[in-house]
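Each residue of the sequence shown is one higher than the one before, starting from 35 at the first, in my numbering.
Working notes, structure below.
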Amino acid sequence: MGSKGLLSEHSFKPVGEGWYPILEALEATLAGILKSSAHPDEFQIDCIKEKFGRLHVYWSGWGLEEEVLYRITGAIDLVQQLSVRICEACGSAEGTENRKATAGVGAVRTLTLCAKCHKIRDETGTLTFGGHTV
């Protein structure tokens with residue numbers, strides 16, 4: 035995600051490339067919503083990361099109109115819900131499953147992967163995506 039828009043690189047923890055299309059769609063949606071606001075500069079994405087196999091978007095918007103806040107909340111909630119049905123590694127929506135997996139020394143994380151990516155990880159013991167190996 036090399037965008038210089040609302041979802042700039044500084045707000046990202048590593049997430050898989052499979053989620054980039056829904057994040058790009060979110061960015062376009064948010065830009066459209068903010069056009070109706072008298073105070074669009076009050077909106078900020080604070081952090082985007084994976085947590086428990088799901089995309090999490092943390093944001094702030096002090097001073098935005100109530101209608102704008104509702105629309106932003108709805109758009110972000112939708113993307114977060116979609117993320118558990120989309121493979122974090124490749125973006126496939128077919129056969130997506132959440133599984134707990136070890137990700138380094140003593141670390142356990144939940145992976146949202148399609149059947150193909152789970153198979154690769156099961157057979158090789160690792161899968162690399164989003165700048166990290168799990």
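No residue lacks a Cβ here, since even glycine has one placed at the ideal position from N, Cα and C.
query	result
Limits of the unbroken beta strand (DSSP E) element including L147	V142 to L147
Identified DSSP bridge partners for W93	I79
Three or more C-beta pairs below 8 Å linking the segment 125 to 136 and the segment 90 to 107	no
Cα-Cα separation, L98 to D80	16 Å
Three-state secondary structure (DSSP) of T130	coil
Distance between T158 and S37 (C-alpha atoms, nearest Å)	Any reading at S37 needs caution, since the residue's pLDDT is 43, under 50, leaving its predicted position unreliable; the model's value is listed next. Straight-line Cα distance between these residues: approximately 33 Å.
Buried or exposed (CB count within 10 angstroms, at least 16 for buried), F163	buried
Beta-bridge pairing of T136 - partner residues as DSSP gives them	V142
Option nearest L60 by Cα separation, candidates K85, E76 and S117	S117
Continuous alpha helix (DSSP H) stretch holding A65: start and end	Y54 to L68
C-alpha distance - E76 paired with G66, whole-angstrom precision	15 Å
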